[in-house]
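**Q** Chains L and E, in that order, are what the protein sequence lines are. With the first sequence counted from 1, adding 1254 to any position gets you the working numbering. With the second sequence counted from 1, adding 1254 to any position gets you the working numbering. Every residue gets a Cβ at the ideal spot worked out from N, C-alpha and C, and that includes glycine. Since we're looking at a predicted model, the values are computed, not measured. Dropping a structure here in structure tokens format, bear with me for questions.
Number of protein chains: 2
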Amino acid sequence: MGHNGVIADPADMIGYVTEPRDAFHGRALCVVRPGRAEEVAGVLALCNDAGVGVVPQGGNTGLVGGQTPDESGEQIILSLQRLDRIREVDPASDVMTVEAGVILARAQQAAEEAGRYFPLSLAAEGSCTIGGNLAANAGGVHVIAYGTARDLALGLEVALADGRLLSNLSKLRKDNTGYDLTRLFIGSEGTLGVITAATLKLFPLPRSRATALVGLADPQAALALLTLAKARAGAALAAFEVLPRIGVDFVLRHLAARDPLASPHRWYALVELASPAESGTDELLTDLLAESLEQGVAEDAALAATLEQRAGLWRLRETLPEAQKPEGGSIKHDVSVPIESIPAFLAEAEALIQRHFPGARPAPFGHMGDGNIHYNISQPPGADRAAFLARRDEMNELVHGLVRKFGGSVSAEHGVGRLKRDLLRKVKDPVALEVMRAIKQALDPKGVLNPGKLL
Amino acid sequence: MGHNGVIADPADMIGYVTEPRDAFHGRALCVVRPGRAEEVAGVLALCNDAGVGVVPQGGNTGLVGGQTPDESGEQIILSLQRLDRIREVDPASDVMTVEAGVILARAQQAAEEAGRYFPLSLAAEGSCTIGGNLAANAGGVHVIAYGTARDLALGLEVALADGRLLSNLSKLRKDNTGYDLTRLFIGSEGTLGVITAATLKLFPLPRSRATALVGLADPQAALALLTLAKARAGAALAAFEVLPRIGVDFVLRHLAARDPLASPHRWYALVELASPAESGTDELLTDLLAESLEQGVAEDAALAATLEQRAGLWRLRETLPEAQKPEGGSIKHDVSVPIESIPAFLAEAEALIQRHFPGARPAPFGHMGDGNIHYNISQPPGADRAAFLARRDEMNELVHGLVRKFGGSVSAEHGVGRLKRDLLRKVKDPVALEVMRAIKQALDPKGVLNPGKLL
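See the structure below:
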């Protein structure tokens, strides 16, 4: 495994046992950094025999503590960072084969160099890894057009709990020879096996792209605009993000941005169309905006005329979490509901929060096209930050209770990890939980894979 | 369950114990036809207790014997046909909830009546059921744009072997709360549970559509055309089917069709673009064809100018299996290889077959956009039909051996069932088989679900 394969000095382990936000931390026996899939399998075989818990880790960017060991100091961290080869890019088959430790941005770039597009895109793309993206079934801003990480892999190489190596780096679009093990391991958060490599789908490079910020009266109008955009643009609809005025206010106040629209609106949608054709998206978006203005769905719209303007529109949306920080404590939720229910959910949530937390400021934003809202609530202005955050569980219960009422999910894209493991037991269909436990027991009978996570 | 719930008279069972082609048949204790999911679960609980094998059956159109009981007469057939309610169509969320026994064509129609599109489309759509489509992970002609049945469901209701009912009729596009049980049950051919209902994704209705038949020199040209079509049309590429001249000859000879192109070509591609926009696909396809003619990729092309002409082009492709019948015995294979490898695979297969079966006539056709070729071989003209068919195993071994060499699948879309169960043991990664068996054991420890199928 080479001299860099094992880190046992506590000082050198700090970057592995805590995560960048310091929201989760723990202790580890050591960090093992194998360089090949067979070595990963070998480490698992040893740990399985010895009954030592293994915490797989990629770029250490997960938000639910899935990649952090517990406080016992008896688990090891299995870092996949050294498995960083792009094994092959096959543009004619529209597939690339990459190892788990490849940084997402590097995978995107490798695709682009071959004249192809790998559409997974999220805030952490400069440091998160493909293995982590798959283990956590990452989402991001292009799910509406391309699906989540689970939809973007054709096959996997996986080291199993007992050290067997499952090799299914398939380049096939269709293969009906048995159970879909690929999608079972994807999103299992390292509890069923350790992904060491994957074959990923590639797409044609978008050659034209059009982006607009649309001012809207309310979430109902956002839903109407989304429905119209899907009907007119179909698969060319590459992103449909929403944010409320208060979110725009936060960004304008703290981040030296300027309002792209002449007057304020209560809600906004960021709409992007993309197409492999050389042109056409500008015209399509212009027509769509004209129709939505005529129908009274939209109040106003700003179409990006330059790359710089497009980046400016995206910044409004993407810097919202950062702009929320100077506003004091905030309590966050990563939830989804059926798309049709978003307006009702937002209205009921607002009323509920005002009743229990007078003055608290919800700034819900996110991937409306997928039904996924990041329901973040800033503290009342001037209130005590610690006192507000101390009521986090109460707030969580209000929001998650409402999510369940609408048949939604309490973790739309960030996963379960340590953060929501206890919550999962309360909200998930008991039969589904039993089936999940039966599968876990079948594939990891000694429970050495990422103990205490998810289940 | 009502007076029609059980059929025990052998005469009345004939339509259930044999399949329409009579390729597979068996005997059954009885046919049970529950009308509600809870009744399905109740039947399974009883059979699990008694150790009686259960063969789930939908429209009885499967091609690999998955829906037929064995010859023991000790299994029951569990028909899902009476679970035929469309529970809800929710166009704003782009989801419909349908029961397992709903005929595919009826589901398509329900979507269309709500102004939406359900893209699953295959030859048996007038009689196959959604439950069967999901259990078998059906493919069809629009996989290139919309994926297989596995990609088209958001959630399932499943009766488990011991009679528990798993309820996850989710309308969510994103839900990262645990293992992907939905996709595990889809494609498991009734061996892990019995699907009783599903939430299915809906899409915008295509409002413009353009179709062309393109004459090509060889499969390499077909691959170049496919690559160009993906680059220019992206997600608007709704179908890319190929067929060889001999297939066109068969259709022209036996089915009173006419050749849409002025002179014969060695290979053909049927290319269809579709878009929710009111227009644009005709122009896009015209440009694509012009570019492919200029580049020497295509030799000639006929663009359908009317609905009738479009239907005529599709008939050429869809009637090929029927037109092959008067040519004598044929041996069929449902295989896939990486898209890039299709030309090499076809060349090597042709040479191999001529060496071992001089005069035999391969007429490979199908879903080139998915890498899925129906590699069907007609007997040599005038040869003895029975003698040719008697060498089926030998032919299968040649073709499947070559498929494996190219990293392909011996069952791209038809599944495993009874037909390919023994084959699976030989070709599948042994670790993948072990994992599949462990999951089967965990979910159906007494082995009552579709015994003798798949595993």
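Quick check: is the beta carbon of residue 1463 of chain L nearer than 8 Å to any beta carbon in chain E?
**A** Cβ-Cβ to chain E under 8 Å: no for residue 1463 of chain L.
**Q** Alpha carbons only, please: which of E:1486, E:1289, E:1580 is nearest the one belonging to residue 1639 of chain E?
**A** Looking at the Cα atoms, E:1580 is the closest of the given residues.
**Q** Counting only Cβ-Cβ distances shorter than 7 Å, please list the residues of the stretch 1565–1596 of chain L near chain C, keeping chain order.
**A** The question asks about chain C, but that chain is absent: this structure's protein chains are L and E.
**Q** Secondary structure at residue 1673 of chain L, three-state DSSP: helix, strand or coil?
**A** Coil at residue 1673 of chain L, not helix or strand.
**Q** Pull out every residue of the stretch 1467–1495 of chain L whose Cβ sits closer than 8 Å to any Cβ of chain E, in chain order.
**A** Listed in sequence order: 1477, 1481, 1484, 1485, 1486, 1487, 1488, 1489, 1490.
**Q** Output yes if chain L places a C-beta closer than 8 Å to the C-beta of residue 1650 of chain E; else output no.
**A** So, not an interface residue.
**Q** Measure the alpha-carbon distance for residue 1428 of chain E versus residue 1666 of chain L and round it to whole angstroms.
**A** Using only the alpha carbons, I get a separation of about 5 Å.
**Q** Which one of L:1564, L:1624, L:1263, L:1302 has the shortest CA to CA distance from residue 1447 of chain L?
**A** Nearest C-alpha to residue 1447 of chain L: L:1302.
**Q** In the DSSP assignment, find the unbroken beta strand (DSSP E) run with residue 1453 of chain E in it and report its ends.
**A** 1448–1455 is the span of the beta strand (DSSP E), which, as asked, contains residue 1453 of chain E.
**Q** Using DSSP bridges, identify the partner residues of residue 1588 of chain L.
**A** Partner(s): L:1628.
**Q** Considering only residues of the same chain and omitting the five flanking positions on each side of residue 1587 of chain L, which have a CB-CB separation below 6 Å?
**A** Taken in chain order, the residues that qualify are 1629, 1653.
**Q** Residue 1668 of chain E touches chain L at which residues, Cβ-Cβ below 7 Å?
**A** Under the 7 Å cutoff, chain L gives 1430.
**Q** Among E:1700, E:1647, E:1702, which has the Cα closest to the Cα of residue 1676 of chain E?
**A** Out of E:1700, E:1647, E:1702, E:1647 has the C-alpha closest to the C-alpha of residue 1676 of chain E.
**Q** What number of angstroms, rounded off, separates the C-alpha of residue 1389 of chain E from the C-alpha of residue 1537 of chain L?
**A** Going by the C-alpha atoms only, they are around 43 Å apart.
**Q** Looking at chain L, which residues of the stretch 1407–1432 of chain E have a Cβ within less than 8 Å of any of its Cβ atoms?
**A** Within the stretch 1407–1432 of chain E, the qualifying residues are 1414, 1418, 1419, 1420, 1421, 1422, 1424, 1425, 1426, 1427, 1428, 1429, 1430, 1431, 1432.
**Q** Within this structure, are the beta carbons of residue 1525 of chain L and residue 1570 of chain L separated by less than 8 Å?
**A** Contact: no.
**Q** Among residues of its own chain, excluding the 5 on either side of residue 1614 of chain L, which ones have a beta-carbon nearer than 6 Å to its beta-carbon?
**A** Here the set comprises 1607, 1631, 1634.
**Q** Which whole-angstrom value is the C-beta distance of residue 1270 of chain E and residue 1333 of chain E, which I expect to be below 8 Å?
**A** Yes, residue 1270 of chain E and residue 1333 of chain E are in contact; Cβ-Cβ is about 7 Å, under 8 Å.
**Q** Would you mind giving the Cβ-Cβ distance between residue 1320 of chain E and residue 1354 of chain E, rounded to the nearest angstrom? I have them listed as a contact below 8 Å.
**A** Incorrect: roughly 14 Å between the Cβ atoms, too far for contact.
**Q** DSSP three-state call for residue 1636 of chain E: helix, strand or coil?
**A** If DSSP states are grouped into helix, strand and coil, residue 1636 of chain E belongs with coil.
**Q** Identify the contact partners of residue 1378 of chain L in chain E, using a Cβ-Cβ distance below 9 Å as the criterion.
**A** The contacting residues do not exist; residue 1378 of chain L stays about 15 Å from chain E at best.
**Q** So residue 1624 of chain L contacts chain E; which residues on that side make the cut at Cβ distance below 8 Å?
**A** Correct list: 1427, 1428.
**Q** Cα separation between residue 1236 of chain L and residue 1568 of chain E?
**A** Given a span of 1255 to 1709 for chain L in the structure shown, any question on residue 1236 of chain L remains unanswerable.
**Q** Taking residue 1530 of chain E as the reference, give the member of L:1481, L:1512, L:1563 with the closest Cα.
**A** The shortest Cα separation from residue 1530 of chain E among L:1481, L:1512, L:1563 belongs to L:1481.
**Q** Residues of chain L with a CB under 9 Å from the CB of residue 1690 of chain E: which are they?
**A** Residues of chain L passing the Cβ test: 1432, 1433, 1435.
**Q** Short of 9 Å Cβ to Cβ, which residues in the stretch 1335–1353 of chain E face chain L?
**A** Of all residues in the stretch 1335–1353 of chain E, 1344, 1345, 1346, 1347, 1348, 1349 have a Cβ within less than 9 Å of some Cβ in chain L.
**Q** Could you pull the start and end residues of the beta strand (DSSP E) that residue 1495 of chain L belongs to?
**A** Taken as a continuous stretch (DSSP letters only), the beta strand (DSSP E) holding residue 1495 of chain L covers 1491–1498.
**Q** Look up residue 1502 of chain E in the DSSP assignment and say whether it is helix, strand or coil.
**A** Here residue 1502 of chain E sits in helix by DSSP.
**Q** From what residue to what residue does the beta strand (DSSP E) around residue 1685 of chain L run?
**A** From DSSP, residue 1685 of chain L is part of no beta strand (DSSP E) but of the alpha helix (DSSP H) over 1684–1697.
**Q** Going by DSSP, what residues sit across from residue 1350 of chain E in a beta bridge?
**A** According to DSSP, which records beta bridges pairwise, residue 1350 of chain E is partnered with E:1343, E:1454.
**Q** How far does the beta strand (DSSP E) with residue 1714 of chain L in it extend, from its first residue to its last?
**A** Chain L is shown only over 1255 to 1709; residue 1714 of chain L falls outside these bounds and no answer can be derived.
**Q** For residue 1612 of chain E and residue 1621 of chain L, I'd like the C-alpha separation in whole angstroms.
**A** Each residue's alpha carbon lies about 59 Å from the other.
**Q** How would you write the range of the beta strand (DSSP E) that residue 1465 of chain E sits in, first residue to last?
**A** Residue 1465 of chain E -> beta strand (DSSP E) spans 1462–1470.
**Q** Could you check the C-alpha separation between residue 1453 of chain E and residue 1348 of chain L for me, to the nearest Å?
**A** Roughly 30 Å between the two C-alpha positions.
**Q** Taking contact to mean 3 or more Cβ pairs, one atom from each stretch, closer than 8 Å, check whether the stretch 1457–1473 of chain E and the stretch 1591–1609 of chain E are in contact.
**A** Enough Cβ pairs lie closer than 8 Å, so yes.
**Q** Which residues bound the alpha helix (DSSP H) around residue 1759 of chain L?
**A** Shown here, chain L extends from 1255 to 1709; a query on residue 1759 of chain L therefore has no answer.
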